[in-house]
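S.K.: Before anything else, here's the structure in question.
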């Protein structure tokens, strides 16, 4: 059942019933003029188990298939990215807000330095009201994800902005083997409905999907998270040509429990799942339409992607409570409304040079953000009491890239790439002194060598440059909007450079392993702080580490995986602090990540999965005197599915997920800064750990009917 008020439940189930009727009616109509398509057993692809020896350009690239996503128990939508070895996903606020991403010693905040895209459309929002590179995945329906491809490091010319640490690309389904209706229910008011099907008509495939979800969480201030997702795709194939149009829609609304001060919890003033400001929260919408075309020939493939996105966010947050404004409190309101237009044209082809095989890829990418509302306001109980700054921004970029792989011999491949990006920033601010335009450009070379294969083993060496863009407001700023003092402009584009050596092997039957040693430097820069409206400096950084990833298909019914990531992250130009310690630690940089899991597909329809994630202690300030504790979380799933029908795919499935199996009292995330509660003395700022607790043990049940 769906836990919501009776009237809401009836409306929700009514809408699903109408959609199901429409799906079946259209399907029946189409079948009157077409032969009934043959239903086949779906092909189960274990992406991480795929042998990429002979095709991969680096040790730390790969992909994850739909089946691997389907067997994992997830707490939140952003955890889809935890299929990438070494990635950690947490949250410090409400479920409708983008998650916190951690990878390779980066606290990526909500996405900076990790590029995420869905069907060629960017997820990262540049010059975003809350933070540069903000990447919210709430609009993705997990059951409709076909694969997640990933690349780590600045070594790949086809990705540009935000890709210093890596990139991930979500591909959505073209066709479902079966339609399905899925109902989920759980503790704390959790409920979810997903329905989807593929219809065949007039030589094309139409896939439709709808998701409705809600939840209150364990928080004393109920989260009241409500969201809708819609998916629609039309696909046509004509010989060597494929065309598709995809429409996605998302709407979410929530109340937040932001991070809370440890001192108040230890004193018993606030419960572990309590709150300070009951009016924090927000709402967000995203609607997109994209068109893809691909023409495949004997030696070349040409592809075109164009998209249009409408995005809106209205967010209320309060991290310091009543420190800056003792009367109204420190809540602030960030508003973002924009249209994003863009696309890519790419051609891949094969040729020969002196009898050596050469594979080429070249393309052009363009993006234009028309941001009609970019505001930072002061608020109290979601009522505006002042404005820090209010801007209109137009940001445009064009990137061209080319990459080639030369097969020098059967045991040596050399690949080289070059990328050039140009940007234009145009800001119209409520303060004319902060209105201006600016242009910038950057060229990023890439190089790699692959030795092998020998006995299904390859060795890789990669080096390259990349970058991230900065908030347009910071690139043209002249005065601080709060103090009125002169402000220094940020660099529009900030360079990174990295290198990696590694090995990939599938010599052991069923086992795919990769080992990589990597390093990454970022230049020092000024950063625009979206929560304050001004700029602050950050030093040059150096990160290096080692990653080991393993996927083992132990038997037809058993798969195992285990990954380890060790990282050291430091400021390169750090000085000795007043306490005598070197202030070179990067706050919230995770030094150790371990993940492991097992999934079982037993005879008789029984299946299950058990996963563990550990991430080690992390410094909260530069001298390492305050450290957040480590975190270990176990998640499990057990279920049963029936099989019937000619294809053996139709039937029922029932599953139980247990999240945080051992009910560990972990921190999802922690920070160290000054704040003041209303109960504390006037004018007194207290430095303290502020943390967002991980959710306690949670049980969820799902029932799926395939048709």
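In mature numbering (1 follows the signal peptide of the UniProt record, and there is no 0), the protein residues as written are -30 to -1, 1 to 677.
Cβ atoms here follow ideal geometry from the backbone N, Cα and C, with glycine treated the same way.
Going by beta carbon distance, what residues of the same chain come within less than 8 Å of residue 533, once the five residues before and after it are set aside?
M.R.: Numbered from 1 along the chain shown, position 563 holds the residue referred to as residue 533. Result list for residue 533: 55, 56, 517, 518, 519, 520, 563, 564, 565, 566, in chain order.
S.K.: Please report how far the alpha carbon of residue 599 lies from the alpha carbon of residue 590, in whole angstroms.
M.R.: Working through the chain shown from its first residue, we reach residue 599 at position 629. Working through the chain shown from its first residue, we reach residue 590 at position 620. So the two alpha carbons sit approximately 10 Å from each other.
S.K.: Which value, in whole angstroms, describes the spacing of the CA atoms of residue 144 and residue 272?
M.R.: Looking up residue 144 in the chain shown gives position 174. Looking up residue 272 in the chain shown gives position 302. Near 19 Å, if we compare the C-alpha coordinates of residue 272 and residue 144.
S.K.: Report yes if the C-beta distance between residue 371 and residue 389 is below 7 Å; otherwise report no.
M.R.: Sequence index remark: in the chain shown, residue 371 carries index 401 (1-based). Sequence index remark: in the chain shown, residue 389 carries index 419 (1-based). Yes; because the gap between Cβ atoms is below 7 Å, this pair is in contact.
S.K.: As a quick exercise: from 326, 299, 335, pick the residue whose alpha carbon is nearest that of residue 350.
M.R.: On the chain shown, residue 350 is found 380 positions in, with the first residue counted as 1. Considering only alpha carbons, the answer is 299.
S.K.: Near residue 229, which residues of its chain fall below 6 Å by C-beta distance, leaving aside the five closest residues on each side in sequence?
M.R.: As a working note, residue 229 is residue 259 in the chain shown. Cβ within range, chain order: 62, 660, 661, 662.
S.K.: Give the DSSP-derived three-state secondary structure of residue 446 in the structure shown.
M.R.: Here the question's residue 446 lines up with position 476 in the chain shown. Here residue 446 sits in helix by DSSP.
S.K.: Based on the DSSP secondary-structure assignment, which residues constitute the bridge partners of residue 378?
M.R.: Position 408 of the chain shown, counted from the first residue, corresponds to residue 378. BP columns for residue 378 are empty, so no partner.
S.K.: Distance check for residue 606 and residue 386, CA to CA, integer angstroms please.
M.R.: Looking up residue 386 in the chain shown gives position 416. Looking up residue 606 in the chain shown gives position 636. Residue 386 and residue 606: Cα-Cα distance of roughly 43 Å.
S.K.: For residue 52, count neighbouring C-beta atoms within 10 Å of its own C-beta (all shown protein chains included) and say buried if the count is 16 or more, exposed if not.
M.R.: Here residue 52 corresponds to residue number 82 of the chain shown, with the count starting at 1. So residue 52 counts as buried.
S.K.: Tell me where the beta strand (DSSP E) around residue 41 begins and ends.
M.R.: Position 71 of the chain shown, counting from 1, holds the residue named residue 41. From DSSP, residue 41 is part of no beta strand (DSSP E); its letter is neither H nor E.
S.K.: For the candidate residues 101, 115, 33, 459, whose alpha-carbon lies nearest to that of residue 306?
M.R.: As a position in the chain shown, residue 306 is number 336, starting the count at 1. Nearest C-alpha to residue 306: 101.
S.K.: Kindly indicate the opening and closing residues of the alpha helix (DSSP H) around residue 233.
M.R.: Along the chain shown, one-based indexing puts residue 233 at 263. First-last of the alpha helix (DSSP H) with residue 233: 232 to 236.
S.K.: Please confirm whether residue 198 and residue 214 have their CB atoms less than 7 Å apart.
M.R.: If you number the chain shown from 1, residue 198 lands on position 228. If you number the chain shown from 1, residue 214 lands on position 244. Not in contact: residue 198 and residue 214 (Cβ atoms no closer than 7 Å).
S.K.: Roughly how many whole angstroms lie between the Cα atoms of residue 561 and residue 76?
M.R.: For this step, residue 561 is matched to residue 591 along the chain shown. For this step, residue 76 is matched to residue 106 along the chain shown. Straight-line Cα distance between these residues: approximately 10 Å.
S.K.: On the DSSP bridge list, what partners appear for residue 181?
M.R.: One-based indexing of the chain shown puts residue 181 at position 211. 164, 199, per the DSSP bridge assignment.
S.K.: I'd like to confirm something about residue 504: is its beta-carbon nearer than 6 Å to some heavy atom of the ligand NAD, or not?
M.R.: Summarising the ligand content, the structure contains no ligands, and the ligand NAD is consequently not present.
S.K.: Tell me whether the region 120 to 127 and the region 465 to 481 touch, counting them as touching only if at least three CB pairs, one residue from each stretch, are closer than 8 Å.
M.R.: They touch, by the three-pair rule.
S.K.: With DSSP as the reference, label residue 451 as helix, strand or coil.
M.R.: Walking along the chain shown from the start, residue 451 turns up at place 481. In the structure shown, residue 451 sits in coil (DSSP, three-state: anything other than H, G, I, E or B).
S.K.: To test your reading of the DSSP string, which unbroken alpha helix (DSSP H) runs of 4 or more residues are found completely within the region 408 to 448?
M.R.: Entirely contained in the region 408 to 448, the alpha helix (DSSP H) runs reaching 4 residues are, in chain order, 442 to 446.
S.K.: Could you name the residues of the same chain whose beta carbon sits closer than 6 Å to that of residue 243, not counting the 5 residues immediately before and after it, in chain order?
M.R.: On the chain shown, residue 243 is found 273 positions in, with the first residue counted as 1. Within the same chain, residue 243 has close Cβ partners 188, 189, 190.
S.K.: On the criterion of 16 or more Cβ atoms from any shown chain inside 10 Å, does residue 284 qualify as buried, or is it exposed?
M.R.: By one-based count along the chain shown, residue 284 stands at place 314. Residue 284 comes out buried.
S.K.: Is residue 252 helix, strand or coil by DSSP?
M.R.: Counted from its first residue, the chain shown places residue 252 at position 282. DSSP places residue 252 in strand when its eight states are reduced to three.
S.K.: For the beta strand (DSSP E) that residue 646 lies in, which residues bound it at each end?
M.R.: Taking the chain shown and counting its residues from 1, one reaches residue 646 at position 676. Residue 646 -> no beta strand (DSSP E), and no H or E assigned at all.
S.K.: Which residues in the same chain as residue 192 place their Cβ atom closer than 6 Å to its Cβ, once the five residues preceding and following it in sequence are excluded?
M.R.: Residue mapping note: residue 192 aligns to position 222 of the chain shown, counting from 1. Excluding positions up to five away in sequence, the list reads 186.
S.K.: Can you give the Cα-Cα distance for residue 440 and residue 278, rounded to whole angstroms?
M.R.: One-based indexing of the chain shown puts residue 440 at position 470. One-based indexing of the chain shown puts residue 278 at position 308. Using only the alpha carbons, I get a separation of about 22 Å.
S.K.: What does a CB cutoff of less than 6 Å around residue 255 pick up in its chain, not counting 5 residues either side in sequence?
M.R.: Taking the first residue of the chain shown as 1, we reach residue 255 at position 285. Result list for residue 255: 221, 282, in chain order.
S.K.: Using the Cα positions of residue 240 and residue 392, report the straight-line distance between them to the nearest angstrom.
M.R.: On the chain shown, residue 240 is found 270 positions in, with the first residue counted as 1. On the chain shown, residue 392 is found 422 positions in, with the first residue counted as 1. Taking the straight line from one Cα to the other gives about 50 Å.
S.K.: Does DSSP classify residue 508 as helix, strand or coil?
M.R.: Residue 508 sits at position 538 when you count from the first residue of the chain shown. Residue state, collapsed to three classes: strand.
S.K.: Do residue 23 and residue 415 come within 7 Å of each other at the CB atom, strictly closer than that value?
M.R.: The count along the chain shown starts at 1 and reaches residue 415 at position 445. The count along the chain shown starts at 1 and reaches residue 23 at position 53. No, they are not a contact pair.
S.K.: Determine the extent of the beta strand (DSSP E) in which residue 320 is found, giving its start and end residues.
M.R.: Taking the first residue of the chain shown as 1, we reach residue 320 at position 350. Unbroken beta strand (DSSP E) run through residue 320: 302 to 323.
S.K.: Just to confirm my understanding: we take residue 293, look at its own chain, exclude 5 residues before and 5 after, and list those with CB closer than 7 Å. What are they?
M.R.: Here residue 293 corresponds to residue number 323 of the chain shown, with the count starting at 1. 300, 644, 645, 646, 655.
S.K.: How long is the line joining the alpha carbons of residue 613 and residue 41, rounded to whole angstroms?
M.R.: Taking the chain shown and counting its residues from 1, the one referred to as residue 613 is at position 643. Taking the chain shown and counting its residues from 1, the one referred to as residue 41 is at position 71. About 17 Å.
S.K.: If you pair each beta-carbon of the region 101 to 111 with each one of the region 429 to 446, do three or more pairs fall below 8 Å?
M.R.: Touching, yes, given that three or more Cβ pairs across the two stretches are closer than 8 Å.
S.K.: Look at the alpha carbon of residue 6 and the alpha carbon of residue 575, and state the distance between them as a whole number of angstroms.
M.R.: Position 36 of the chain shown holds residue 6. Position 605 of the chain shown holds residue 575. Legend: pLDDT at residue 6 = 35, less than 50; position of this residue unreliable, no value from coordinates given.
S.K.: May I ask you to report which of helix, strand or coil DSSP gives residue 270?
M.R.: By 1-based counting over the chain shown, the position of residue 270 is 300. Residue 270: strand per DSSP, three-state reduction.
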